[in-house]
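A.B. asks: Numbering (the working numbering), first residue to last: 508 to 1623.
Using N, Cα and C, we set each Cβ at its ideal position, and we do this for glycine too.
Below is a structure I'd like to ask you about.
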């Protein structure tokens, strides 16, 4: 076959019309050898279509003849002499080469990836998956010797239009085809043409909305693998019995209610794959008729019971998978030869198993209180019975001679038998999150290599644990009540091979530090949040193999200089201590991460050259730290360098109602796959926005979300004020932008938006949370966690039902099509409609009982429960230190993923919380009147007083010191020229019987009147006051004439005298008046009135009454 085909009749019909072109554009093209001067660069149309490169022969046009270069088996190489240039070569002795120079790097990279994929294919194997094909391309039939053809995830039709298009019926032309993949094409009907391919051994027609399989499939006598997953099948034809070589039939995620009887005749099959169907009863009589079946996969059905009938034993079944069903009890003794049993995530209370040949038992996430296995399983090597209700470990476990891994975590076990540790085969024991008060006192020699006893109630570890456990490499005893460690040796010589030691969140003191030297091979040491006050230099010097140390949350004043002896050290985490001197960590050549935040550092000592591998340095939360310009310039070369920004006082706009701290930590591979978003002053400084984004193992997605979602939300807020609407729209628009950016992967996200309705002067603060994936938010109210998020995973009944309706495949690891275990997440557009970006949205009104809320990534919530997270940081006064603590705890508890945590502390006082609508809640107590009042006196025309409009409804401003709130009243719009209709005094309420809070004060519009339209001395501005550049929650640094109470010049002296007398009375009587809702503290510490409301509403105070009367008398 000629590698280059010249189409004399102009452009091929397929180009630009019915066939989908993968890539195309106008580029500089050169044919033949690049060093020959005869060949020149010319502008040509280049098209990557199917498996060929098509180049036009006419300049700047697609008309005329087209040069077609088959790429299968050819080469796509980079040309280094020219920028953004690729060389495309065909295969064979008469190969041709085309050189194409692209306009930019993006197009160059896109062509390189796509063309390389085509060129890597063999002539006998063609991959046209995900090419948006609507019919079979013409160049597919250049060679009819194909043996493997992949056409999955296209838009192929059985009878495409126009009729000239190549239909699936032409597949029978490939007489040597062995493997054909037509999955994910939504065909609707079975393609009968494939039944005429006699050589076919493997056929995949999954996810095609098939409702039946025709009888003619029985003619495919050579077929060995038949994949029918993700369809709407309820039965199979009897003709399948003629397919004697058929050894694997997959029927998962269809609509079968029973096991098809025809499978009895397919004796070559050894595995029954029927997960994700509609079976509610497992009839063992049917299985008895299939002695050839050894492996039964029935996960993700709705099985509630097993119907044994007259069946005694099923000897042939060796592997049984019943996970994610609805079984309340399971008697699996009928499977007397079972080797592997999966029954996770059911509702099992009792479980009976035959132990003759049992090798692995998976029964986690049930409600087991008792586990009966008979006889003793001498072949059992792995057992996971975590997350149940077990109070005691079954006795037979200690007699299992070959048991290597035992996971009994998250139960209610109070004691572990000593015999368990005598098992010479046991290598890994996970007993965390139980109620263990102690471990066996005296242990003989044990071969355990991994011991996890975190989150128990241990006061001490066995005195000879580290003496007898010669093989122990990993020990996690975090979150206990330990005060001391057992010795590792009784002499100078030690046999310890311990490499990882986690002791975070205990009561350890300085006395335990010398005992660490008994572990010379220690690589990872976590002793955060204990009671350490010092770490002797001589002890640190002996830990020469140490690579990672976390001693945060103690009372250390220094890190010993002998840390320089730890030449392999790459991570030093020592935040939340009292460290005053910068340690010698910058002398370590392998150092990558240093966290010294929340300490008392005053200076930083650096070498001339920074360590070459240093990636992260965190110095935030050191208020005394002052760095010179040279040091800052040097540190800014670090990839991730964090330091506090200079404070601008109140003018910075930081609201007192909330303050935040956040942290991000890399995973085990030093890839930061998370990102945090924090905007204390969002959208005109009246709101706040926080977010956490998790890309799992992807670095790009969280960064894209961090940079984009705040802007999208700001735009959506302009369109609607409904919380659910603007949050949902934000996530949908973000999904669209990820697709536009060509990002196929995805990530979890959670956004928290605090807003204060500007149209409601007395409105409260509302917190709205929206999340997809496993990033979540919890609110601490009255010391208890209040979840504001929801994880949509396979365990959610409605999500599982939705996934099944869309016929997606859920793999054994619980992921949709093996990609993600979240059914609602951003990105992954190729999984639509099974995976969608619609978030869970929840709004809540903030109250004085709300202390803080936490946003966390997947790694955080996988390691800490919500109750534990709230309890851990509730008494931490600093938000940054609180976020750091959460991250440290998660890492010490076993998290190896990237982690991000944001803690937002709240100070919602009664002044900023409306209780008018709450029955039985009294109004808040009066605030504290300021001791000094700053009144600006200025000569100004009487018809242009700068007062806020009554209808503007500007939101309250909260003082950072006294938590007061100010707002404009409706005095302007309700002031009337008519005489008052209701007489009011300081003891009579405006609305009898109605309780009013300070955010919704009594309307006092009738307390003063205008005396005529032509004599208006006091006018209310028609426009709302403009937002100040310093931030909505901060007073401007300088007096603003538009935000002041104006005193006429002729009353200046008299007003000053009145104020002086009032201040004297205030100092003598220490009178507490309810004015905090209408004052605020400026950066200089003075208080000033903002609106006429201050005068009109405090009619009951003599000072205000006198001052108001003086001003009003001026009018006459």
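When burial is assigned at 16 or more other CB atoms within 10 Å of the CB, is residue 780 buried or exposed?
C.D. replies: For this step, residue 780 is matched to residue 273 along the chain shown. Counting Cβ neighbours within 10 Å, residue 780 comes out buried, since at least 16 surround it.
A.B. asks: Among the candidates 867, 1326, 1338 and 1256, whose CA atom is the shortest distance from the CA of residue 1298?
C.D. replies: Mapped onto the chain shown, residue 1298 falls at position 791. That would be 1256, whose Cα lies nearest to the Cα of residue 1298.
A.B. asks: Going by Cα to Cα distance, which pick from 1185, 759, 806 and 1174 is closest to residue 1166?
C.D. replies: Looking up residue 1166 in the chain shown gives position 659. The shortest Cα separation from residue 1166 among 1185, 759, 806 and 1174 belongs to 1185.
A.B. asks: So residue 641 packs on residue 675, CB below 8 angstroms; how close in whole Å?
C.D. replies: Residue 641 sits at position 134 when you count from the first residue of the chain shown. Residue 675 sits at position 168 when you count from the first residue of the chain shown. Not quite, the Cβ-Cβ distance comes to about 11 angstroms (not below 8 angstroms), so this is no contact.
A.B. asks: I believe residue 883 touches residue 866 by the beta-carbon criterion, under 8 angstroms. Please report the beta-carbon distance rounded to the nearest angstrom.
C.D. replies: Translated into positions along the chain shown, residue 883 becomes position 376. Translated into positions along the chain shown, residue 866 becomes position 359. Actually they are not in contact, since the Cβ atoms of residue 883 and residue 866 sit about 14 angstroms apart, beyond 8 angstroms.
A.B. asks: Fully enclosed by the stretch 1131-1214, which beta strand (DSSP E) runs are 3 residues long or longer?
C.D. replies: Here the runs fully enclosed are 1147-1149, 1165-1172, 1181-1189 and 1194-1201.
A.B. asks: Could you check which residue in 1275, 769 and 746 has the C-alpha nearest to that of residue 1229?
C.D. replies: Residue 1229 sits at position 722 when you count from the first residue of the chain shown. Residue 1275 is the option with its Cα nearest to residue 1229.
A.B. asks: For the alpha helix (DSSP H) that residue 792 lies in, which residues bound it at each end?
C.D. replies: Translated into the one-based positions of the chain shown, residue 792 becomes position 285. First-last of the alpha helix (DSSP H) with residue 792: 791-795.
A.B. asks: Of the choices 1129, 1105, 1107 and 1142, whose alpha-carbon is the least far from that of residue 1123?
C.D. replies: Along the chain shown, read from residue 1 onward, the residue named residue 1123 stands at position 616. Among 1129, 1105, 1107 and 1142, the Cα nearest to that of residue 1123 belongs to 1142.
A.B. asks: Does the stretch 941-950 come into contact with the stretch 899-906, if we say contact requires no fewer than three beta-carbon pairs (one atom in each stretch) closer than 8 angstroms?
C.D. replies: Contact fails: fewer than three Cβ-Cβ distances are below 8 angstroms.
A.B. asks: Between which two residues does the alpha helix (DSSP H) holding residue 1245 run?
C.D. replies: One-based indexing of the chain shown puts residue 1245 at position 738. Start and end: 1230-1247.
A.B. asks: Can you have a look at residue 1241 and say buried or exposed, based on whether 16 or more other CB atoms are within 10 angstroms of its CB?
C.D. replies: For the purposes of this step, residue 1241 is taken as residue 734 along the chain shown, with counting starting at 1. It is buried - the Cβ of residue 1241 has at least 16 other Cβ atoms within 10 Å.
A.B. asks: Is it buried or exposed, residue 639, if we count other Cβ atoms within 10 angstroms and call 16 or more buried?
C.D. replies: For the purposes of this step, residue 639 is identified with residue 132 of the chain shown, where counting begins at 1. Exposed, since its Cβ has fewer than 16 Cβ neighbours within 10 Å.
A.B. asks: Distance, Cα to Cα, residue 1626 vs residue 1098?
C.D. replies: Because the chain here runs from 508 to 1623, residue 1626 falls outside it and cannot be looked at.
A.B. asks: Do you know whose CA, among 954, 794 and 897, lies nearest residue 938's CA?
C.D. replies: Position 431 of the chain shown, counting from 1, holds the residue named residue 938. Residue 897 is the option with its Cα nearest to residue 938.
A.B. asks: For the beta strand (DSSP E) containing residue 1272, name the first residue and the last one.
C.D. replies: Taking the first residue of the chain shown as position 1, residue 1272 is located at position 765. Residues 1272-1279.
A.B. asks: At a cut of 8 angstroms, does the stretch 1402-1415 reach the stretch 1212-1221 through at least three beta carbon pairs?
C.D. replies: At 8 angstroms Cβ cutoff, the stretches do not touch.
A.B. asks: Taking DSSP's pairing of strands, which residues face residue 765 in a bridge?
C.D. replies: Locating residue 765 in the chain shown gives position 258, counting from the first residue. Answer is none; residue 765 lacks a bridge partner.
A.B. asks: Should residue 1034 and residue 1010 be called a contact, given that it needs their Cβ atoms to be closer than 8 angstroms?
C.D. replies: For this step, residue 1034 is matched to residue 527 along the chain shown. For this step, residue 1010 is matched to residue 503 along the chain shown. Cβ atoms of residue 1034 and residue 1010: closer than 8 angstroms.
A.B. asks: Could you check whether residue 709 and residue 725 sit closer than 8 angstroms to each other, using their CB atoms as the reference points?
C.D. replies: Looking up residue 725 in the chain shown gives position 218. Looking up residue 709 in the chain shown gives position 202. Going by C-beta atoms, residue 725 is not nearer than 8 angstroms to residue 709.
A.B. asks: Between residue 539 and residue 1250, what straight-line distance do the alpha-carbon atoms span, to the nearest angstrom?
C.D. replies: Along the chain shown, one-based indexing puts residue 539 at 32. Along the chain shown, one-based indexing puts residue 1250 at 743. Their Cα atoms are separated by approximately 36 angstroms.
A.B. asks: Along the chain, where does the alpha helix (DSSP H) that runs through residue 613 open and close?
C.D. replies: In the chain shown, the residue the question calls residue 613 occupies position 106. Run containing residue 613: 612-626, per the alpha helix (DSSP H) assignment.
A.B. asks: Should residue 1637 go down as buried or exposed, given a rule of 16 or more other Cβ atoms within 10 Å for buried?
C.D. replies: As shown, the chain starts at 508 and ends at 1623. That puts residue 1637 outside it, with no answer to give.
A.B. asks: Could you spell out the range, first to last residue, of the beta strand (DSSP E) harbouring residue 879?
C.D. replies: For the purposes of this step, residue 879 is identified with residue 372 of the chain shown, where counting begins at 1. From DSSP, the beta strand (DSSP E) with residue 879 extends over 877-881.
A.B. asks: Less than 7 angstroms between C-beta atoms, sequence neighbours within five positions excluded: which residues of the same chain meet that for residue 594?
C.D. replies: Within the chain shown, residue 594 is the residue found at index 87, counting from 1. Result list for residue 594: 584, 586, 604 and 606, in chain order.
A.B. asks: Counting C-beta neighbours from all protein chains within 10 Å, is the total for residue 751 16 or more, i.e. buried, or is it exposed?
C.D. replies: Within the chain shown, residue 751 is the residue found at index 244, counting from 1. Exposed, since its Cβ has fewer than 16 Cβ neighbours within 10 Å.
A.B. asks: Is the stretch 732-739 touching the stretch 752-763, taking contact as three or more C-beta pairs under 8 angstroms?
C.D. replies: Segments in contact, yes.
A.B. asks: Taking the alpha-carbon of residue 636 as reference, which of 1561, 1057, 799 and 661 has the nearest alpha-carbon?
C.D. replies: On the chain shown, position 129 is the one that residue 636 refers to. Comparing Cα-Cα distances from residue 636 to each of 1561, 1057, 799 and 661, the minimum goes to 661.
A.B. asks: DSSP three-state call for residue 1082: helix, strand or coil?
C.D. replies: Residue 1082 sits at position 575 when you count from the first residue of the chain shown. Correct three-state label for residue 1082: coil.
A.B. asks: Considering only the beta carbon of each residue, do residue 1183 and residue 1199 sit closer than 8 angstroms?
C.D. replies: The count along the chain shown starts at 1 and reaches residue 1183 at position 676. The count along the chain shown starts at 1 and reaches residue 1199 at position 692. Cβ distance < 8 angstroms, so residue 1183 and residue 1199 count as in contact.
A.B. asks: Enumerate in chain order the residues of its own chain whose CB-to-CB distance from residue 988 is below 7 angstroms, with the five nearest sequence positions on each side excluded.
C.D. replies: The residue labelled residue 988 in the question sits at position 481 within the chain shown. Around residue 988: 964, 965, 966, 1013 and 1014.
A.B. asks: If we ignore side chains and look at the alpha-carbon of each, how far apart do residue 1135 and residue 1302 end up?
C.D. replies: Position 628 of the chain shown, counted from the first residue, corresponds to residue 1135. Position 795 of the chain shown, counted from the first residue, corresponds to residue 1302. Rounded to whole angstroms, residue 1135 to residue 1302 spans 55 angstroms at the Cα level.
A.B. asks: Please state whether DSSP places residue 1357 in a helix, a strand or coil.
C.D. replies: Here residue 1357 refers to the residue found at position 850 of the chain shown. Strand.
A.B. asks: Give me the Cα-Cα distance between residue 1440 and residue 1078, rounded to the nearest whole angstrom.
C.D. replies: Position 933 of the chain shown, counting from 1, holds the residue named residue 1440. Position 571 of the chain shown, counting from 1, holds the residue named residue 1078. Unreliable placement is indicated for residue 1440, whose pLDDT of 29 sits below 50; the coordinate value is still reported in the next sentence. If I take the Cα positions, the gap works out to 53 angstroms.
A.B. asks: Is the beta carbon of residue 579 closer than 8 angstroms to that of residue 528?
C.D. replies: Sequence index remark: in the chain shown, residue 528 carries index 21 (1-based). Sequence index remark: in the chain shown, residue 579 carries index 72 (1-based). For residue 528 and residue 579, no; Cβs fall outside 8 angstroms.
A.B. asks: Cα-Cα, which of 1365, 886, 561 and 1322 is closest to residue 1306?
C.D. replies: Taking the chain shown and counting its residues from 1, the one referred to as residue 1306 is at position 799. Minimum Cα distance to residue 1306 is reached at 1322.
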